[in-house]
Structures are given as C-alpha cells and as structure tokens.
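These notes concern the structure reproduced below.
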Amino acid sequence: MTGSTDSPHAPMVKAEHVSKSFGSLHVLKDINLEVGYRQVVCLIGPSGSGKSTFLRCVNHLETIDGGHLFVDGELIGYRRKNGTLYALSRNEIARERRDIGMVFQHFNLFPHMTVLENVIEGPVHVKGVGTREATKKAHELLTQVGVDEKSNQYPATLSGGQQQRVAIARALAMEPKLMLFDEVTSALDPERVHEVLDVMKDLAHEGMTMLVVTHEMAFARDVGDRVVCMENGVIVEDGPARQVIEHPREERTKEFVGLVLRR
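For the numbering used here, count along the sequence shown from 1 and bump the result up by 595.
Encoded structure:
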C-alpha cells in the first residue's frame, strides 16, 4: 500500500453529494468520497452499481446532475463566479482532462497508428511537446510497461495484454496527476491479466494516485489503500483494503466478495 492519510495535500479526488441519472435510472445517489494524494482506492461491486459511471464523471466524460467533483482542488467541468456555477467550454474541459489519465476496458487504441504513434499523439498534438522529445519519452514508457519491442507494430498485431499496457503507456505520456482504471483486465485472457496488474502495481509503488474499478480482489487487497464497495448507486462500505476484502462489515460486501472469490 502506498497512500498516506497524513498527507499535507488536499484530496486528489473529492466527491460531494454527487448524483447522476440516465432518464429515470438513478445511477449515482449522493456519493461522498475522497481519494488522498498518492492513494490507491479500488471500487468494487456488482455490474450496474455505478462504479464506471463515477469514474467517467471524474474525467467529465459524463456530467453530474447534482453535487460537486474536485480533482486536486479544482472543480471539474465548471467554474464558480460570484457564487454561480458556469459550465466550462470544450477547450477548458480538455485542459482539465490533460491531468487525468484514463484506461478503459477495451484499450481504445487508434488502429491506424503504430504503438509509438499512439503514445506520442497526445503529448505532440495536445500538449505541444516536440516529436523528438515525445518519442524519447514514449520509448521510456513502453520499456517501463514491457512492450517497447512492439513500438513499430499496429495494435491489431498485439495480444490483449500488450494492447492494454500500450494504453497505460499512452495515458502516462500525458504526465497525469491521477490515473483512472476501468475494469482494465476484464476483457483479457486469464493468462494475460497478470501482465497488466504488474504494471499497475509498479505505478502504485511509485506513488501514482489511482482510482481503480476492478473485480481483482487480490489486487484490491494487496495494492489498494482503501476499498469502496458500491451497489445500486450508493457506497455500501468504505474502509482499509485488507479489512474490506478479508473481514467486510456489511452483509452485501460479504456476499459480493465471497461470490467473486468463489469464481
């Protein structure tokens, strides 16, 4: 575990009474949650509980209907002026997202670009980094995640685990202050899962702040600082990772963890 509860920093993520609906479906209901600087917080719970939607709200891929979301003290998606909230422009939202890396379940690599081109795309065209500098950094990151030898290949030639590691390198190339992982191993063959989890463990040990939606209970227990169990859009339990996984207090958490561990 890497986080520190006595960090002098403000919470990296702070959700205050966050709610989100899709029509009549209430996906998030009054969510209050903090992720400390350098902490790893794992979100667990059954499908449809609101975990992935919450992650997407943190990155403003979904807009919230109520409450407030902050990343590193900055209000996400809005600015406050004279007591009134104003929605940010698309360019302002894009600038906020530069500091938040997100890795999805299905990789989302650009199929017409090589691995190297995928990784340098953001730094060059969004942050204005020179191609030579971005390429040097990309090779360092691809080496870090163990796929630099694939830098001139296209995503379709890679295994799922290799593609997901490239996706992680691509997110890291933007030098984010926060990494969001949304079920990044669920689409992988079982023998490839450890490849991705090992990279995530290394990031945690290096002090990256991470919010992770996962069904990997051993990862949550051993790498997470806290585990948050969600169901039906509410937080059922929030506590130290090992305690929540091995000795959950709430009956619903016990049922879910037991079901996953029996698989």
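We treat Cβ as the ideally placed atom computed from N, Cα and C, and that holds for glycine.
Hey, quick one: how far does the alpha helix (DSSP H) through L798 stretch, first residue to last?
In the sequence shown, residue 798 corresponds to position 203, counting from 1. Taken as a continuous stretch (DSSP letters only), the alpha helix (DSSP H) holding L798 covers 785-800.
Assuming V761 and V742 make a contact with CB atoms under 8 angstroms, what is their CB distance in whole Å?
Mapped onto the sequence shown, residue 761 falls at position 166. Mapped onto the sequence shown, residue 742 falls at position 147. The Cβ separation is near 6 angstroms, so the contact holds.
D749: which of K732, V630, L704, A729 sits nearest, CA to CA?
Translated into positions along the sequence shown, residue 749 becomes position 154. The identity of residue 749 in the sequence shown is Tyr, whereas the question assumes Asp. Closest option to Y749, Cα to Cα, is L704.
Mind checking who F776 pairs with in its DSSP beta bridge?
For the purposes of this step, residue 776 is taken as the residue at position 181 of the sequence shown. The partner list for F776 (beta bridge, DSSP) reads V698, V807.
Taking only runs that begin and end inside the segment 714-754, name each unbroken alpha helix (DSSP H) of 4 or more residues, in chain order.
Fully enclosed alpha helix (DSSP H) runs of 4 or longer: 726-739.
Start and end residues, beta strand (DSSP E) containing L854
As a position in the sequence shown, residue 854 is number 259, starting the count at 1. For L854, there is no enclosing beta strand (DSSP E); the enclosing alpha helix (DSSP H) has its first and last residue at 846-857.
Run of the beta strand (DSSP E) containing S614, from where it starts to where it stops
On the sequence shown, position 19 is the one that residue 614 refers to. 608-617 is the extent of the beta strand (DSSP E) around S614.
Classification of N654 by the beta-carbon crowding that lies within 10 angstroms, buried from 16 upward:
Counting from one through the sequence shown, the residue named residue 654 turns up at place 59. With 16 or more other Cβ atoms from the protein chains shown falling within 10 Å of its own Cβ, N654 counts as buried.
Work out the CA separation of F649 and N827 for me, nearest whole Å.
Numbered from 1 along the sequence shown, position 232 holds the residue referred to as residue 827. Numbered from 1 along the sequence shown, position 54 holds the residue referred to as residue 649. Using only the alpha carbons, I get a separation of about 12 angstroms.
In whole angstroms, what is the alpha-carbon distance linking I763 and T658?
Along the sequence shown, one-based indexing puts residue 763 at 168. Along the sequence shown, one-based indexing puts residue 658 at 63. Going from the Cα of I763 to the Cα of T658 covers about 24 angstroms.
On the three-state DSSP scale, how would you describe A836?
Taking the first residue of the sequence shown as 1, we reach residue 836 at position 241. The answer is helix: DSSP assigns A836 an H, G or I state.
Taking 8 angstroms as the cut-off, does the segment 785-800 touch the segment 687-697 (at least 3 CB pairs, one atom from each stretch)?
Judged by Cβ distances under 8 angstroms, the segment 687-697 makes no contact with the segment 785-800, as fewer than three pairs qualify.
Residues bridged to G841 (per DSSP)
The residue you call residue 841 lines up with position 246 of the sequence shown. Going by the sequence as given, residue 841 is Glu instead of Gly. E841 is not bridged to any residue.
CB contact check: L737 to chain D, cutoff 9 angstroms:
Of the protein chains in the structure, only one exists, and it is not chain D.
Inspect the beta-carbon positions of V818 and D833 and report whether they are closer than 9 angstroms.
For the purposes of this step, residue 818 is identified with residue 223 of the sequence shown, where counting begins at 1. For the purposes of this step, residue 833 is identified with residue 238 of the sequence shown, where counting begins at 1. With respect to D833, V818 sits apart: the two C-beta atoms are not nearer than 9 angstroms.
Do you know offhand how far R685's Cα is from E841's?
Mapped onto the sequence shown, residue 685 falls at position 90. Mapped onto the sequence shown, residue 841 falls at position 246. Their backbone Cα atoms lie some 44 angstroms apart in a straight line.
Cutting at 6 angstroms between CB atoms, please list the residues of its own chain near V651, excluding the five before and the five after it.
Stepping through the sequence shown from its first residue, residue 651 is reached at position 56. Here residue 651 is Arg; the residue named in the question, Val, does not match the sequence. Apart from the 5 residues on each side of it in sequence, R651 sits with its Cβ closer than 6 angstroms to the Cβ of E657 in its chain, given in chain order.
Any chance the segment 716-733 sits against the segment 673-681, with 3 or more Cβ pairs inside 8 angstroms?
Not touching, per the Cβ criterion.
With 16 other Cβ atoms within 10 Å as the buried cut-off, status of F702
Taking the sequence shown and counting its residues from 1, the one referred to as residue 702 is at position 107. With 16 or more other Cβ atoms within 10 Å, it is buried.
By a C-beta neighbour count over all protein chains shown, 10 Å radius and 16 as the cutoff for buried, is R858 buried or exposed?
Position 263 of the sequence shown holds residue 858. With fewer than 16 other Cβ atoms within 10 Å, it is exposed.
Limits of the unbroken beta strand (DSSP E) element including A813:
Along the sequence shown, one-based indexing puts residue 813 at 218. Taken as a continuous stretch (DSSP letters only), A813 belongs to no beta strand (DSSP E), being part of the alpha helix (DSSP H) at 812-818.
3 or more residues per run - each beta strand (DSSP E) lying fully within the segment 615-698:
Fully enclosed beta strand (DSSP E) runs of 3 or longer: 620-630, 635-639, 661-666, 673-676, 679-682, 695-698.
Close Cβ partners of S754 (< 7 angstroms) along its chain, the five nearest in sequence each way excluded
As a first step, residue 754 must be located in the sequence shown, where it is residue number 159. Correct list, in chain order: R787.
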